[in-house]
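S.K.: The sequence shown maps to residues 1 to 424 in this note's numbering.
Cβ coordinates follow ideal geometry from the N, Cα and C atoms, glycine included.
Below is a structure I'd like to ask you about.
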Amino acid sequence: MPEVLQALAAGRRLSEAQAAALGASAVTEAEVARALRSAPPGRSPGLDGIPVELYRRFKASFLSILARLYTAVSTLGQVPAGFTDGLITILYKAGDRADPANYRPITLLCTDYRLYAKVLALRLNPCLADVIDREQTAFVPGRRIGENVLALQCLPELLRRQGRWAVCIFCDFRKAYDTLDRGFLFRAMAALGVGEGFLALVRLLLADTRARATVNRWVSTPEASHAGVRQGCPLAPLLYLFIAQALLCLLRERNLGIDVAGQRFAALQFADDAEVLLPSADDIPSFLSAMATFGDATGQRLNVEKTKVLPIGAVPSDLPPTAHGLQVVSEATSLGVTFASTPDPAAAATRWQEVLEGVEACYGRIASLRRLSIFGRGLASAAYGVSRLLYRAEFSGHPPTATTEALQRATSKLPAGCLLRRRW
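See the structure below:
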């Protein structure tokens, strides 16, 4: 842990004024109102069953009550009984449905908790750009996921033109949010200048956390958790950025990365998604050593089976299928985009077809909702269907004509309810 914290402490810090503002114990009605406005509607409530819509409907009464409650919590350093309790539900990700690792646990937290966490998140968010480096593009104002995608697309061509090659390691962490060491998180935040006032508020939300699990309508007895940040807490994604920044600083401290245009790039990050750049496969042992140190300090363990090595640039033709225990691949998918060692138009067309099939499957589910109006179907087709193709087209160019024609046919039928219902 000392090495990781020392590497982190060598970077930038928040100012004393920023730290003081973050840790202010008084919570105003304006802060609560802003948190309430930004809370997405239609979300499942926590154990108390009270949705955010109730707080919005009667905000004239609730704003002052919640402001006083949150101020008391911050001042006294205590939360009401059951305030941090949650209900864990699971979302299927991909792969074998019988494998528990292929499900993402989501903690349903009570709305009063989520609003307080949102107040803290809205305080912290504007400060992140001052301590989280540009390589991290998630949840930092003014940064976009597309920056990472474009960098990963342009870098191979740049290396090819220079007659160089490198490797890009697509890292996969085992249950990243659920396993991080809370003690290290607090030390990392302190190393970047977060004051004791705000740290005390975060500790309140992470102390004595308990949750019940619900599976097939069966609810378990409550169990305490002593690690991780809860997926479902508005503050959790921002807290994880301090862990990700620690990884970036350690990689730099170990002198890992590649030199491009006079600058050293160690990794590209989007929350817990990390692509580490190395000059060659010979540097993988040094990378694995750094990841072991990082794991010991933070609780973040590399999933070796799912971590992939993608050679980029002027790649030699005689590379082995594995390198130091990691799988060497010709293409890898991250951030919703597939990156390849060598451009392959045929493979690109196949991927477009897969996207189209996913959109059509989405349309089938929308069509099964018989009570949706024509306007609801139109909005749903744009939000859940067309948007998938637009995101891909932004980074992969225009889809083949056959793909756009098939999409147009399916989309035109959906609002009128004419899309044939499929068996999903």
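With a threshold of 6 Å on Cβ separation, who are the neighbours of ASP181 within its own chain once the five nearest residues in sequence on each side are excluded?
M.R.: The sequence position of residue 181 within the sequence shown is 181, counting from 1. The answer, listed in chain order, is THR298, GLY299.
S.K.: How far does the alpha helix (DSSP H) with VAL355 in it reach, from first residue to last?
M.R.: In the sequence shown, counting from the first residue as 1, residue 355 sits at position 355. Taken as a continuous stretch (DSSP letters only), the alpha helix (DSSP H) holding VAL355 covers 345-367.
S.K.: Output the distance between the C-alpha atoms of PHE375 and LEU91, rounded to the nearest integer angstrom.
M.R.: Reading the sequence shown from its first residue, position 375 is the one you call residue 375. Reading the sequence shown from its first residue, position 91 is the one you call residue 91. Those two C-alpha atoms are separated by around 28 Å.
S.K.: With a 10 Å radius around its C-beta and 16 neighbouring C-beta atoms as the bar for buried, classify PRO320 as buried or exposed.
M.R.: Walking along the sequence shown from the start, residue 320 turns up at place 320. Classification of PRO320: exposed, given that the 10 Å Cβ count is below 16.
S.K.: What separation, rounded to the nearest whole angstrom, lies between the Cα atoms of PRO216 and ASP296?
M.R.: As a first step, residue 216 is located in the sequence shown; it is residue number 216 there, counting from the start. As a first step, residue 296 is located in the sequence shown; it is residue number 296 there, counting from the start. Note on identity: in this sequence residue 216 is Asn, with Pro being the wrong assignment. About 36 Å.
S.K.: Per DSSP, what kind of secondary structure is GLU135 in: helix, strand or coil?
M.R.: What you label residue 135 is simply residue 135 of the sequence shown in a count that begins at 1. Coil.
S.K.: Count the other CB atoms within 10 Å of the CB of VAL149; is the residue buried (16 or more) or exposed (fewer)?
M.R.: In the sequence shown, the residue the question calls residue 149 occupies position 149. VAL149 should be labelled buried.
S.K.: What residues are listed by DSSP as bridge partners for LYS308?
M.R.: In the sequence shown, the residue the question calls residue 308 occupies position 308. DSSP, once it has assigned bridges, lists PHE170, GLN327 as partnering LYS308.
S.K.: Hey, is LEU248's beta-carbon within less than 9 Å of any beta-carbon in chain D?
M.R.: Among the chains in the structure shown there is no chain D, since it carries only a single protein chain.
S.K.: Which residues does DSSP pair with TYR92 in a beta bridge?
M.R.: Taking the sequence shown and counting its residues from 1, one reaches residue 92 at position 92. Paired residue(s): TYR103.
S.K.: Assuming the contact rule is C-beta atoms closer than 8 Å, LEU235 and ALA166 should be a hit. Round their C-beta distance to whole Å, please.
M.R.: For the purposes of this step, residue 235 is taken as residue 235 along the sequence shown, with counting starting at 1. For the purposes of this step, residue 166 is taken as residue 166 along the sequence shown, with counting starting at 1. Actually they do not touch by this definition, with Cβ atoms about 36 Å apart.
S.K.: How close, in whole Å, do the beta carbons of LEU407 and ALA191 come, if the pair is a contact with beta carbons under 8 Å?
M.R.: Here residue 407 is taken as the residue at index 407 of the sequence shown, counted from 1. Here residue 191 is taken as the residue at index 191 of the sequence shown, counted from 1. Not a contact, Cβ separation roughly 49 Å.
S.K.: So what's THR333 in DSSP terms, helix, strand or just coil?
M.R.: To locate residue 333, count along the sequence shown from 1; it is residue 333. Here THR333 sits in strand by DSSP.
S.K.: Just to confirm my understanding: we take GLY11, look at its own chain, exclude 5 residues before and 5 after, and list those with CB closer than 8 Å. What are they?
M.R.: In the sequence shown, the residue the question calls residue 11 occupies position 11. Around GLY11: VAL131, ASP133, LEU192, GLN245, CYS249.
S.K.: At 4 residues or longer, and completely inside the stretch 234-266: list those alpha helix (DSSP H) runs for me, N to C.
M.R.: Segments of the alpha helix (DSSP H) lying fully in the stretch 234-266: 236-253.
S.K.: Out of LEU124, ILE169, ALA290, which has the shortest C-alpha to C-alpha gap to PRO425?
M.R.: This structure leaves residue 425 out entirely; the chain is present only between 1 and 424.
S.K.: Three Cβ pairs or more, each shorter than 8 Å: is that satisfied between the stretch 382-393 and the stretch 321-335?
M.R.: Too few Cβ pairs lie closer than 8 Å, so no.
S.K.: Output the boundary residues of the beta strand (DSSP E) element that contains ARG210.
M.R.: For the purposes of this step, residue 210 is taken as residue 210 along the sequence shown, with counting starting at 1. 209-215 is the extent of the beta strand (DSSP E) around ARG210.
S.K.: So, helix, strand or coil for THR84, using DSSP?
M.R.: One-based indexing of the sequence shown puts residue 84 at position 84. It is coil, neither helix nor strand.
S.K.: State yes or no: is the C-beta of LEU185 within less than 9 Å of the C-beta of ILE243?
M.R.: As a working note, residue 185 is residue 185 in the sequence shown. As a working note, residue 243 is residue 243 in the sequence shown. Yes; because the gap between Cβ atoms is below 9 Å, this pair is in contact.
S.K.: So, using beta-carbon positions, are LEU326 and PHE294 closer together than 9 Å?
M.R.: On the sequence shown, residue 326 is found 326 positions in, with the first residue counted as 1. On the sequence shown, residue 294 is found 294 positions in, with the first residue counted as 1. In this structure, PHE294 does not lie closer than 9 Å to LEU326 by Cβ.
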